[in-house]
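A.B. asks:
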Amino acid sequence: MRWYEKIWYGKDDSLPVSILQPISVVYQWIISFRQWLYQKKILKIHTVSKPVIVVGNLTVGGTGKTPLVIALALWLKERGERPGIISRGYGKKGKNLSLHVTEDSKASDVGDEPLVIAHRTQCPVIVDANRVRGSQRLIQEFNCTIIISDDGLQHTALARDVEILVIDGSRGFGNNHLLPAGPLREPANRAEKVDIIVSNGSEIPNGFCMNYEYGGITNLLNSSLALEKENASEEVFAFAGVGNPQRFFDELDKRGFKSRKHAFPDHYDFDPTDFAFTEKTSVIMTEKDAVKCHAFTQSNWWYLPITARLPSAFWECLELKLKK
């Protein structure tokens, strides 16, 4: 775990938490003041002409939002809808730009997660820090009938019809403190105001459990090739630049791979020098990391795709929420 994760998910009364707590109090004042501005209509909430589903979390880091967004988009397509996805595009260049994610887009330009979503769903994806503008573009230019706002829980300016909160089933809200003393972007009681709660990997009261289904380990250059323990090098290098890399590492362990594990910060921008020592050894990475490495990939590089699986009760609940 990174040093700050040890603070956030360690003991509540640790010394670093006590030191950082005053800054968290200031952060909470800022959040409360911003909410007051929206309540008094000093800041405007914009409604677009199509339904909006917001997928988000309360904590910093990965909870499983991207696989859930992909699952939502595919489900909506099966129902005859034309979903469009709006994302901030974390790490993208040009903070004020509104960009359409295409097959030729680079992760450095649009962000890694939007690129994965576009590849997996074949739906229009716009990256735009102004989610209202991006949503309107999806409706006007791509004739989308419903909008999915990825990581949009804290973006109050865009009105929403359904809010879905994703929680890491193993880590929860950590020490329940706001940033920087804890991992929370908003107070934990914000969970009481959302429409649906999804827990990644565990059952929770009044929520739905989401599990990952891992696919075959796929070659970056030839998607028809799969890697098994038997045809891998004796030891593999496992690379993960995601919010919670341990799930990825655990899955490789379950499959019997002897791996040398390398965890990088979430959204890490890989370059060839990061792989300089892997020339004759199989490299396995997450799907999110793979989209950033195609320009310099090698024949012995592989990625592990994942698919979110949710119970039928979740889809029934979502359908009812959308009909209201």
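Residue numbering for the sequence shown follows the numbering used here, starting at 217 and increasing by one per position. Yeah, the Cβ is synthetic: ideal placement off N, Cα and C, and Gly gets one too.
Alpha carbon to alpha carbon, how far is isoleucine 433 from glutamate 450? Give it in angstroms, no decimals.
C.D. replies: 16 Å
A.B. asks: Just to check my reading of the structure: asparagine 273 and valine 382 have Cβ atoms closer than 8 Å, yes? What is that Cβ distance to the nearest angstrom?
C.D. replies: 5 Å
A.B. asks: Measure how close the beta-carbons of aspartate 485 and glycine 277 come, nearest whole angstrom, since I'm counting them as under 8 Å.
C.D. replies: At roughly 17 Å, the Cβ-Cβ gap does not stay under 8 Å, so aspartate 485 and glycine 277 are not in contact.
A.B. asks: With respect to the alpha helix (DSSP H) encompassing glutamate 357, which residues constitute its N-terminal and C-terminal limits?
C.D. replies: 347-358
A.B. asks: Once the 5 residues before and after aspartate 411 are set aside, which same chain residues still bring their CB inside 8 Å of it?
C.D. replies: Once the five neighbours on either side are set aside, the close Cβ partners of aspartate 411 are Val378, Glu379, Ile380, Lys537.
A.B. asks: Note down the Cα distance separating aspartate 505 from leucine 231, rounded to an integer number of angstroms.
C.D. replies: 35 Å
A.B. asks: Could you tell me which whole alpha helix (DSSP H) segments of length 4 or greater appear in the region 259-330?
C.D. replies: 281-294, 323-326
A.B. asks: Taking contact to mean at least 3 C-beta pairs separated by less than 8 Å, is the region 289-300 in contact with the region 417-433?
C.D. replies: no
A.B. asks: Less than 9 Å separating the beta-carbons of serine 351 and isoleucine 302?
C.D. replies: Taking C-beta atoms as the reference points, serine 351 and isoleucine 302 count as a pair closer than 9 Å.
A.B. asks: By DSSP's criteria, aspartate 366 is part of a beta bridge. Which residues make up the other side?
C.D. replies: Val271
A.B. asks: What does a CB cutoff of less than 7 Å around isoleucine 355 pick up in its chain, not counting 5 residues either side in sequence?
C.D. replies: Val264, Ser265, Lys266
A.B. asks: Can you check DSSP and say which residues form a bridge with glutamate 429?
C.D. replies: Thr523
A.B. asks: Which one or two residues does DSSP pair with histidine 478 in a beta bridge?
C.D. replies: Phe455
A.B. asks: Ignoring anything shorter than 3 residues or poking outside the region 365-402, list the beta strand (DSSP E) runs there in chain order.
C.D. replies: As far as the region 365-402 is concerned, its whole beta strand (DSSP E) runs of at least 3 residues are 378-384.
A.B. asks: May I have the straight-line CA-CA distance separating valine 332 from phenylalanine 358, to the nearest angstrom?
C.D. replies: Each residue's alpha carbon lies about 19 Å from the other.
A.B. asks: So, under 8 Å CB-CB, threonine 502 and phenylalanine 473 are touching, yes? Tell me the CB distance rounded to an integer number of Å.
C.D. replies: Going by Cβ atoms, the distance from threonine 502 to phenylalanine 473 rounds to 14 Å, so no, they are not a contact pair.
A.B. asks: Please state the DSSP three-state secondary structure of isoleucine 500.
C.D. replies: strand
A.B. asks: What's the C-alpha gap between proline 396 and glutamate 402?
C.D. replies: 11 Å
A.B. asks: Could you pull out every residue in the same chain whose Cβ sits closer than 6 Å to the Cβ of leucine 253, ignoring the five residues on either side in sequence?
C.D. replies: Excluding positions up to five away in sequence, the list reads Leu259.
A.B. asks: According to DSSP, is threonine 434 part of a helix, a strand, or is it coil?
C.D. replies: Three-state DSSP puts threonine 434 in a strand.
A.B. asks: In whole angstroms, give me the CA-to-CA distance for valine 271 and threonine 497.
C.D. replies: 38 Å
A.B. asks: Can you give the beta carbon distance from arginine 376 to valine 268, rounded, assuming they're within the 8 Å contact cut?
C.D. replies: 5 Å
A.B. asks: Using C-beta distances below 7 Å, list every residue in its chain close to proline 299, excluding the 5 sequence neighbours before and after it, in chain order.
C.D. replies: Ala289, Leu292, Lys293, Cys339, Cys360, Ile362, Ile364
A.B. asks: Just how far apart, CA to CA, sit valine 326 and leucine 315?
C.D. replies: 7 Å
A.B. asks: Do the CB positions of leucine 175 and valine 452 come within less than 9 Å of each other?
C.D. replies: The structure shown does not extend to residue 175, since the chain is modelled only from 217 through 540, so no value can be given for it.
A.B. asks: With burial defined as no fewer than 16 other Cβ atoms inside 10 Å of the residue's Cβ, what is the status of arginine 250: buried or exposed?
C.D. replies: By the neighbour-count rule (16 or more Cβ atoms within 10 Å), arginine 250 is not buried but exposed.
A.B. asks: Where DSSP assigns a beta bridge to serine 449, which residues make up the other side?
C.D. replies: Serine 449 is bridged by DSSP to nothing; it lacks a bridge partner.
A.B. asks: Starting from isoleucine 413, follow its DSSP beta bridges and name the residues at the other end.
C.D. replies: Leu381
A.B. asks: Check the DSSP bridge columns for phenylalanine 424 and list the partner residues they point to.
C.D. replies: Val414
A.B. asks: Output needed for alanine 529: all residues of its chain with C-beta closer than 7 Å, excluding positions within five of it in sequence on either side, in chain order.
C.D. replies: Phe424
A.B. asks: Do alanine 373 and isoleucine 261 have their C-beta atoms within less than 9 Å of each other?
C.D. replies: Yes, they are a contact pair.
A.B. asks: Does DSSP put valine 241 in a helix, in a strand, or in coil?
C.D. replies: If DSSP states are grouped into helix, strand and coil, valine 241 belongs with the helices.
A.B. asks: Taking glycine 459 as the reference, which of Asn312, Glu329, Lys257 has the closest Cα?
C.D. replies: Glu329
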